[in-house]
Amino acid sequence: MQVAVLKETAMRENRVALPPDSAGRLVKLRFEVVVQRGAGESAGFPDTAYTAVGARVAEDAASACAGAWVVLKVQAPTEAEAALLDNGCVLIALLRLGQHAAIAQKLAERKVSALSLELVPRITRAQTMDVLSSQSTAAGYKAVLLGASELGKFLPMLTTAAGNIQPARVFVIGAGVSGLQAIATARRLGGVVSAFDIRPAAREQILSLGATFVESSALSVTAETEAGYARVQTDDERANTLLVIANHVKDVDLVITTANVPGKKSPRLITEQTIRAMRPGAVIVDIAAENGGNTELTRAGETVHAHGVTIIGAVNLPSTVPYHASQMFGRNVFALLQHLIKEGNLTIDPQDEITAAMLMTHSGKVIR
483 MQVAVLKETA
493 MRENRVALPP
503 DSAGRLVKLR
513 FEVVVQRGAG
523 ESAGFPDTAY
533 TAVGARVAED
543 AASACAGAWV
553 VLKVQAPTEA
563 EAALLDNGCV
573 LIALLRLGQH
583 AAIAQKLAER
593 KVSALSLELV
603 PRITRAQTMD
613 VLSSQSTAAG
623 YKAVLLGASE
633 LGKFLPMLTT
643 AAGNIQPARV
653 FVIGAGVSGL
663 QAIATARRLG
673 GVVSAFDIRP
683 AAREQILSLG
693 ATFVESSALS
703 VTAETEAGYA
713 RVQTDDERAN
723 TLLVIANHVK
733 DVDLVITTAN
743 VPGKKSPRLI
753 TEQTIRAMRP
763 GAVIVDIAAE
773 NGGNTELTRA
783 GETVHAHGVT
793 IIGAVNLPST
803 VPYHASQMFG
813 RNVFALLQHL
823 IKEGNLTIDP
833 QDEITAAMLM
843 THSGKVIR
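Using the working numbering, read the sequence shown as starting at 483 and increasing by one per residue.
Have a look at this one:
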């Protein structure tokens with residue numbers, strides 16, 4: 483069974499869908515792994531690292547896809563790449579529901595079974611396949627480093643010949659995977675960390691990492707969906723949340739915003755008025771920038787300077803640490819492939835709980 487690994491062509495994408503360690507595990511399972519030349523170079527994996535584990539290197543995408551039962555990518559394929567896929571093959575990638583209608587139609591025409599990795603269900607037996615969680619870990623880590631590099635202060639307390647330097651105050655909004663990693667990273671770097679989330683369950687997680695939990699009357703046992711995500715707040719709840727954040731954020735140096743609601747635009751939690759009241763030189767790193775942003779002044783992929791505050795619209799942060807991000811991504815993909823293999827054959831079962839949640843195209847139809 484041939485598995486093709488394509489080189490990413492999307493802007494700012496340095497990851498590879500299957501690094502050599504995961505490729506080698508597939509080879510041991512008697513898969514034929516074919517990697518497009520240079521696919522892993524941006525992530526720190528030369529072609530020789532793939533051939534060393536038994537994979538084969540193809541000169542271009544067309545050669546890699548020829549005869550492949552499974553095609554792996556990080557980002558969605560271009561229309562040209564979609565045209566290279568063999569009829570009836572399986573595509574596994576981050577397909578961005580609703581953003582690539584034309585490509586989805588082309589995949590359906592070629593009877594490709596397309597599995598979207600961001601749709602892995604949040605259930606126990608799918609945890610090892612959860613790309614969003616693994617990549618959010620990388621995003622939360624890098625967001626703090628990015629903010630620290632822009633901040634005109636040290637994060638830790640320092641005792642120097644010139645006296646003591648007070649630690650910076652860090653505030654993390656949202657305590658999902660990326661937020662918790664941001665808290666842990668900021669703590670390791672010596673910052674005084676506080677955090678906020680509308681889900682009561684997040685309180686214990688925040689405190690366990692040594693951060694202070696910012697209390698709010700907007701907390702509700704119904705704030706969390708069955709899938710573990712925050713739900714959309716009512717107008718009254720949102721007004722209370724904005725007030726709590728505005729009162730706290732004016733006294734901090736570095737803010738990491740991570741709040742997202744699946745299928746919706748990111749909630750606007752920091753207004754321009756709130757930014758105007760922040761400390762001069764403060765920095766905001768908005769991880770939610772790609773989905774609209776958590777501040778009124780966020781611009782995806784841009785750094786905005788306003789009212790003495792720097793607002794970084796962070797885009798695809800996992801790609802800025804591509805080596806380890808690719809390793810985690812590849813292990814998630816390997817776990818998914820193991821799930822799909824039934825009695826030695828790759829099986830796409832629309833009735834399977836995990837497969838059904840991820841299918842975007844199948845049997846010539848666009849499913850979602």
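We put the beta carbon where it would ideally sit given N, CA and C, even for glycine.
Simplified DSSP assignment, three categories, for residue i
i	result
Asp718	helix
Thr642	strand
Ser748	coil
Ala584	helix
Phe653	strand
Thr829	coil
Gln609	helix
Val734	coil
Ile680	coil
Gln687	helix
Leu628	helix
Closest Cα partner of residue i within the set the options
i	options	result
His844	Ala807, Ile769, Leu597, Val767	Leu597
Arg519	Lys510, Cys547, Ser504, Arg813	Cys547
Gly658	Ala543, Val487, Thr739	Thr739
Glu632	Ala839, Thr785, Gln715	Thr785
Leu500	Met810, Arg850, Val848, Gln833	Met810
Ala788	Asp529, Arg758, Leu627	Arg758
Leu579	Leu691, Val487, Leu599	Leu599
Asn496	Arg720, Asn814, Ala505, Leu799	Leu799
Gly640	Gly673, Ala621, Asn569	Residue identity check: residue 640 is Leu in the sequence provided, not Gly. Closest option to Leu640, Cα to Cα, is Gly673.
Lys732	Ala741, Ala693, Gly790, Ile688	Gly790
Leu736	Met611, Gln557, Lys635, Val487	Lys635
Val654	Leu601, Ala625, Ala643, Ser504	Ala625
Lys555	Lys588, Ala492, Met842, Pro832	Ala492
Ala505	Gly645, Ala666, Val535, Ala643	Val535
Within 8 angstroms, strictly: CB atoms of residue i and residue j
i	j	result
Ser618	Pro804	no
Met483	Phe527	no
Ser748	Gly783	no
Val485	Val539	no
Thr777	Ile752	yes
Leu628	Ile830	no
Thr723	Ile680	yes
Leu508	Phe816	yes
Gly842	Ile836	Residue 842 is actually Met in this sequence, not Gly. No.
Ile769	Ala621	yes
Asn460	Asp503	Because the chain spans 483 through 850 in this model, residue 460 falls outside it and cannot be assessed.
Val734	Ser698	no
Quiz item: Per the contact definition of three or more C-beta pairs closer than 8 angstroms, is the region 565–574 in contact with the region 811–830?
Solution: yes
Quiz item: When the Cβ atoms of the region 646–654 are set against those of the region 603–611, are three or more pairs found closer than 8 angstroms?
Solution: no
Quiz item: Quick one: any contact between the region 577–595 and the region 760–775, if contact means 3 or more CB pairs under 8 angstroms?
Solution: no
Quiz item: Unbroken beta strand (DSSP E) runs of length 3 or more, entirely within the region 532–563: which are they?
Solution: 538–540, 552–557
Practice problem: Write down every uninterrupted run of the beta strand (DSSP E) in the region 744–826 whose length is 3 residues or greater and which is fully enclosed by it, in chain order. | Solution: 765–768, 785–788, 791–795
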